[in-house]
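Here is the structure we will look at, set down as structure tokens.
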Amino acid sequence: MSASTRKDQCNFLTIHPVPSGISKEECERKHSAWLDAVAQTPVAQRNMLKITMFIQDNTLTEPLGRLDIPTASPTIVTHIVFEDVENFKEVARDPTFKSLVDQAKEFGYHKGASLFTADVVTKLDDVESGPQERKHAIGIFKIPPGVPKDKFEQKVEAFVDGAMAMPIAREKLLHYTIWYQNSEVNTEVEGLGLPTAAPLVIAMAELETFNHAAEFVGDPAVAQHVATTLTAKDFPLHLDGDFFGAEAIVKFNKID
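Each number in the working numbering comes from the position in the sequence shown (counting from 1) with 40 added on.
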């Protein structure tokens with residue numbers, strides 16, 4: 041299918057590096073419990089449509105390493121869907137939610153984090169695949185200092201478009217999206233005492249199994265494409281980024 045940008049929802053994404061002094065597993069446990077507490081608040085029940093937490097998996101570390109992509113830093117990703125930006129702003133003003141945010145800072149929720157809304161562009165969608173449980177592969181592309189945001193985003197999109205044009209993409213992938221940051225809620229995020237986003241581009245694939253992801257990145261044509269685009273020496277896209285497989289855990293859902 042051709043690319044499409046969804047404008048009828050507000051997509052809020054949080055990227056949390058696991059802080060020093062706490063294990064990945066303990067941070068995931070605390071983050072998961074915190075999301076459960078958020079989901080139970082009246083303001084979330086009124087305004088949020090879906091909360092998904094992505095648990096990093098190491099299954100793809102070796103296949104990605106063969107492409108000269110370094111091991112990802114321990115990271116937790118959360119996606120929260122709102123009907124629109126005003127729903128997010130109502131949550132951000134709520135005293136109970138503010139109190140929960142302050143509690144989360146006690147386990148490092150805010151340290152090095154990036155929180156932002158995004159314009160989500162769908163690059164591939166297998167509408168016949170059905171609603172089965174899916175695995176995810178996530179790429180966090182960090183825009184280097186001094187590089188224009190629009191130029192970097194164009195390079196990432198060209199890399200993705202090239203990969204999606206390959207026959208193996210339709211064989212192995214069910215869904216592929218690119219998430220472009222916008223600044224619609226920066227004021228509200230800062231008002232919660234949380235950091236707004238470092239300059240990022242996010243790419244996310246959905247697959248039936250992690251084996252399909254490994255087969256995709258192990259394909260010779262994909263490997264060649266990665267070498268001439270993603271890890272190219274003249275304009276590398278992977279520097280300081282994080283690329284990994286992830287299990288999706290839905291914490292709250294009024295959509296599906």
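For each residue, glycine too, the CB sits at the ideal point set by N, CA and C.
Just so we're clear, the structure is a prediction, and the values are computed from it rather than from any experiment.
Practice item. Tell me the start and end of each unbroken beta strand (DSSP E) in the segment 79-165 that is at least 3 residues and wholly inside, in chain order. Key: For the segment 79-165, whole beta strand (DSSP E) runs of length 3 or above, ordered along the chain, are 88-97, 115-122 and 154-165.
Exercise for review: Quick one: using the 10 Å Cβ neighbour count with 16 as the cut-off for buried, is Gly148 buried or exposed?
Suggested key: Buried, by the Cβ-count rule.
**Study point:** Member of Cys50, Ala73 and Leu104 whose CA lies at the smallest distance from the CA of Ala263
**Key:** Cα-wise, what sits closest to Ala263 is Leu104.
**Study point:** Euclidean distance between Cα positions of Thr129 and Glu228
**Key:** The question names Thr, yet the displayed sequence has Lys at residue 129. Answer to the nearest angstrom: the Cα atoms are 7 Å apart.
**Study point:** Cβ contact check for the segment 53-72 and the segment 122-137: 3 or more pairs under 8 Å
**Key:** Cβ pair count under 8 Å is below three, so no.
Practice item. Could you name the residues that DSSP lists as bridge partners for Phe283? Key: Per DSSP, Gly179.
Check your understanding: How should Lys163 be labelled, buried or exposed, when 16 other C-beta atoms within 10 angstroms of its C-beta is the threshold for buried?
Key -> Classification of Lys163: buried, given that the 10 Å Cβ count is 16 or more.
**Study point:** Rounded C-alpha distance that separates Ala256 from Phe283
**Key:** It is Phe, not Ala, that sits at residue 256 in the sequence shown. Taking the straight line joining both Cα atoms gives about 14 Å.
Check your understanding: Hey, quick one: how far does the beta strand (DSSP E) through His278 stretch, first residue to last?
Key -> Segment: none, His278 is in no beta strand (DSSP E) and carries neither H nor E.
Practice item. Look at the alpha carbon of Gln49 and the alpha carbon of His56, and state the distance between them as a whole number of angstroms. Key: Note on geometry: alpha-carbon atoms of Gln49 and His56 lie some 23 Å from one another.
Practice item. Would you mind sorting Leu213 into buried or exposed? The rule is 16 or more other CB atoms within 10 Å of its CB. Key: Under this definition Leu213 is a buried residue.
Check your understanding: When the Cα of Lys90 is compared with those of Glu102, Thr118, Ala112 and Ile109, which residue comes out closest?
Key -> Among Glu102, Thr118, Ala112 and Ile109, the Cα nearest to that of Lys90 belongs to Thr118.
Check your understanding: For Ile180 versus Lys189, is the C-beta spacing smaller than 7 Å?
Key -> In this structure, Lys189 does not lie closer than 7 Å to Ile180 by Cβ.
Review point. By a C-beta neighbour count over all protein chains shown, 10 Å radius and 16 as the cutoff for buried, is Val290 buried or exposed?
Key: The residue is exposed, with fewer than 16 neighbouring Cβ atoms inside 10 Å.
Check your understanding: Which runs of the beta strand (DSSP E), 3 residues or longer, sit entirely within the segment 206-251?
Key -> Listed in chain order, the complete beta strand (DSSP E) runs (minimum 3 residues) inside the segment 206-251 are 215-222 and 240-247.
Practice item. Determine the closest residue to Gly285 out of Leu53, Thr81 and Gln96, with distance taken between C-alpha atoms. Key: Here the closest residue by C-alpha is Gln96.
Review point. Beta carbon of His176, beta carbon of Ala288: below 7 Å?
Key: Result yes, Cβ atoms of His176 and Ala288 sit closer than 7 Å.
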